[in-house]
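First the structure, in the form of structure tokens, and then the observations on it.
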Amino acid sequence: MPTAHDRVPVESPSPRAGEPASGQPPVGPSAGSTLSRRRVVRVLGTVGAAVLVGVGGYRVFDTAAVNPGHGQAYEPWRHWRDDAGPMGAVAAALLAANPHNTQPWLFRVNATAIDVDVDPGRHIGSVDPYRREQHVGLGCALENLALACRARGLRPDIAVLPDGPDARRVAHVDLTPAPAQQDDRYEAIGHRHTNRGPYRALAIPAEALAELVDTAGLPGISVQWIVDPASMAVLSALLVDAAEAVVADESQSRDGFAWFRGTDDAIQSHRDGLTLDAQGLTPLTLGLAKLLPASTRSSGDAFWVEQTRTVHTATAAAYGVLTAASPDDRVTQLDTGRLLQRIHLTATARGIALQHMNQITERIDAERLAGQRATFSPRFAGVLPPGAKPLVAFRVGYPLRDARPSPRRSAATVTQRTPR
Ligand SMILES: Cc1cc2nc3c(=O)[nH]c(=O)nc-3n(C[C@H](O)[C@H](O)[C@H](O)COP(=O)(O)O)c2cc1C
Numbered sequence: 001m002p003t004a005h006d007r008v009p010v011e012s013p014s015p016r017a018g019e020p021a022s023g024q025p026p027v028g029p030s031a032g033s034t035l036s037r038r039r040v041v042r043v044l045g046t047v048g049a050a051v052l053v054g055v056g057g058y059r060v061f062d063t064a065a066v067n068p069g070h071g072q073a074y075e076p077w078r079h080w081r082d083d084a085g086p087m088g089a090v091a092a093a094l095l096a097a098n099p100h101n102t103q104p105w106l107f108r109v110n111a112t113a114i115d116v117d118v119d120p121g122r123h124i125g126s127v128d129p130y131r132r133e134q135h136v137g138l139g140c141a142l143e144n145l146a147l148a149c150r151a152r153g154l155r156p157d158i159a160v161l162p163d164g165p166d167a168r169r170v171a172h173v174d175l176t177p178a179p180a181q182q183d184d185r186y187e188a189i190g191h192r193h194t195n196r197g198p199y200r201a202l203a204i205p206a207e208a209l210a211e212l213v214d215t216a217g218l219p220g221i222s223v224q225w226i227v228d229p230a231s232m233a234v235l236s237a238l239l240v241d242a243a244e245a246v247v248a249d250e251s252q253s254r255d256g257f258a259w260f261r262g263t264d265d266a267i268q269s270h271r272d273g274l275t276l277d278a279q280g281l282t283p284l285t286l287g288l289a290k291l292l293p294a295s296t297r298s299s300g301d302a303f304w305v306e307q308t309r310t311v312h313t314a315t316a317a318a319y320g321v322l323t324a325a326s327p328d329d330r331v332t333q334l335d336t337g338r339l340l341q342r343i344h345l346t347a348t349a350r351g352i353a354l355q356h357m358n359q360i361t362e363r364i365d366a367e368r369l370a371g372q373r374a375t376f377s378p379r380f381a382g383v384l385p386p387g388a389k390p391l392v393a394f395r396v397g398y399p400l401r402d403a404r405p406s407p408r409r410s411a412a413t414v415t416q417r418t419p420r
């Protein structure tokens with residue numbers, strides 16, 4: 001996010017009374033609260049400054065400044081273990097990482113099988129024109145689902161894309177009683193969050209990075225660790241350039257911003273999308289930012305580029321890139337999601353933070369779609385082995401602070417119970 005992803009929001013796509021539509025100038029009685037805004041900007045310093053340009057009123061309750069992470073939208077993080085049967089496996093699946101927190105899934109469940117469908121309307125438009133990220137996110141959910149089935153004494157036999165690559169059903173999972181399995185990755189499901197805050201200036205030993213990767217049953221997907229300073233500098237510069245290109249692309253900027261949930265009302269009613277809470281800010285900065293008027297898309301874009309430059313790339317201990325020979329293949333994309341989720345869960349269990357960073361491939365897609373000369377693809381290829389095509393990228397490191405959860409729709413909302 002603040003890729004047209006993870007930029008700081010502070011505006012609801014459905015403007016509330018007294019709030020502006022995206023990009024519109026300040027209106028209403030509170031539009032001129034410059035003095036208090038200026039005072040707070042001083043406190044926030046560089047981190048928050050870009051968030052603050054905007055309009056609106058005093059938003060303590062609207063943004064849940066005093067009680068972040070509260071309410072129904074976060075209940076799925078508290079109750080994901082409650083159901084000992086297949087519905088409990090769905091409750092774990094929907095906590096998976098997924099692009100812009102679009103949650104592009106639907107489940108059909110009975111006592112002996114679970115079907116996972118793509119919800120085709122839940123996507124990020126021009127940010128993911130080939131729906132690669134959407135299918136990677138579905139793969140992440142499939143991995144949580146498989147872990148949760150095993151923990152419940154149900155052996156999951158997974159058939160991916162049983163109806164072909166263009167069908168809505170992305171997986172059929174047969175469930176057979178079996179001894180329950182213990183797994184650290186299962187235990188980590190409720191603690192895993194995307195961490196967009198600063199990481200410590202500490203290298204991660206090569207063995208520790210290698211131990212994050214378990215490719216069992218996922219042939220053809222590789223992880224490239226970018227750790228040497230020269231390659232990291234190349235990739236960091238590329239990530240910043242790509243972030244700038246995303247925000248300069250009106251369509252990508254708008255399509256990403258449509259998933260920002262800038263008020264508590266929006267979070268509690270949508271239960272999806274990107275939030276201020278998930279930006280990795282300090283409690284003080286977060287609390288102050290929430291008291292301020294809603295910001296515009298352009299200020300959110302600027303904040304994201306700034307964070308990419310000064311926090312995300314500046315404090316990364318290492319980058320990981322998942323690659324394959326055929327990145328457009330849907331099975332490859334689902335398998336990539338499964339591996340990505342495994343890495344994130346193992347990292348969580350070991351105290352290593354992870355942030356997905358996909359603006360480079362998002363720009364590769366945009367150039368390809370527009371038939372433009374490829375500029376990002378050859379630069380990315382320069383830090384990867386010959387023939388290794390990138391699907392997703394992320395940074396890892398030892399975190400300075402914990403990440404906060406993002407909202408989720410409930411298992412009941414995304415599940416249909418079917419006869420056996
Ligand atoms: C395929 C994919 C692409 C993503 N791309 C980005 C990204 O470019 N930047 C970012 O900060 N987060 C990215 N994310 C993380 C999601 O925004 C995040 O998983 C989602 O908001 C839910 O939050 P959570 O992971 O903390 O549960 C991506 C996740 C997936 C699965």
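Residue numbers are given in the UniProt record's numbering: position 362 of the sequence shown equals residue 362, and the series is strictly consecutive. Beta carbons are placed, not taken as given, at the ideal position from N, Cα and C, and that holds for glycine.
Inter-residue Cα distance where the pair is residue i and residue j
i, j, result
"A242", "W105", "28 Å"
"D166", "R185", "31 Å"
"A49", "F303", "Low confidence applies here, because A49 scores a pLDDT of 37, under 50, leaving its location unreliable; read the following figure in that light. Cα to Cα, A49 sits roughly 8 Å from F303."
"D128", "Q134", "8 Å"
"A113", "Q279", "37 Å"
"D255", "P283", "29 Å"
"T194", "D174", "30 Å"
"A403", "G300", "19 Å"
"E306", "V160", "39 Å"
"V240", "T313", "8 Å"
"R330", "V170", "9 Å"
"T413", "V311", "36 Å"
"F257", "A178", "45 Å"
Three-state class that DSSP yields for residue i in the structure shown
i, result
"L175", "strand"
"L354", "strand"
"V321", "strand"
"Q279", "helix"
"Q182", "coil"
"I226", "strand"
"V383", "coil"
"V246", "helix"
"Y74", "helix"
"A208", "helix"
"Q416", "strand"
"I114", "strand"
"I364", "helix"
"I221", "coil"
"L202", "coil"
"D241", "helix"
"D157", "strand"
"L274", "strand"
"V170", "strand"
"R309", "helix"
"residue 423", "Given that the chain is displayed from residue 1 to residue 420, the structure contains no residue 423 and the question cannot be resolved."
"A347", "helix"
"W259", "coil"
"A370", "helix"
"residue 422", "Residue 422 cannot be examined here, being either before or after the span of the chain that is shown, 1 to 420."
"V127", "helix"
"P120", "coil"
"R150", "helix"
"V90", "helix"
"P378", "helix"
"W304", "helix"
"P399", "strand"
"R132", "helix"
Whether residue i touches residue j by CB criterion (8 Å)
i, j, result
"P407", "D272", "yes"
"A188", "R152", "no"
"A148", "R420", "no"
"Q359", "V246", "yes"
"A200", "Y74", "The displayed chain sequence assigns Arg, not Ala, to residue 200. No, Cβ-Cβ distance for R200 and Y74 is not below 8 Å."
"R168", "V118", "yes"
"T336", "V396", "no"
"Q252", "E362", "yes"
"I158", "V383", "no"
"F260", "L274", "yes"
"D212", "A347", "In the sequence as presented, Asp is not what sits at residue 212; that position holds Leu. Their beta carbons are under 8 Å apart, which means L212 touches A347 by this criterion."
"G197", "L345", "no"
"V116", "Q333", "no"
"L202", "A374", "no"
Within-8 Å CB hit, residue i to chain C
i, result
"V173", "Checking the listed chains, one finds no chain C in this structure; it contains a single protein chain."
heavy atom of ligand 2 below 7 Å from residue i C-beta
i, result
"P76", "You won't find ligand 2 in this model; what it holds is ligand 1."
The region 228 to 235 contacting the region 337 to 344, beta-carbon criterion three pairs below 8 Å: no
contact_flag[the region 362 to 370, the region 135 to 142] where n(CB pairs < 8 Å) is 3 or more: no
Meets three-Cβ-pair contact criterion under 8 Å: the region 379 to 388 and the region 315 to 327: yes
Stretch-stretch touch, CB-based, cutoff 8 Å, three pairs: the region 81 to 95 with the region 197 to 210: no
Given 8 Å, three or more beta-carbon pairs between the region 107 to 118 and the region 80 to 88: yes
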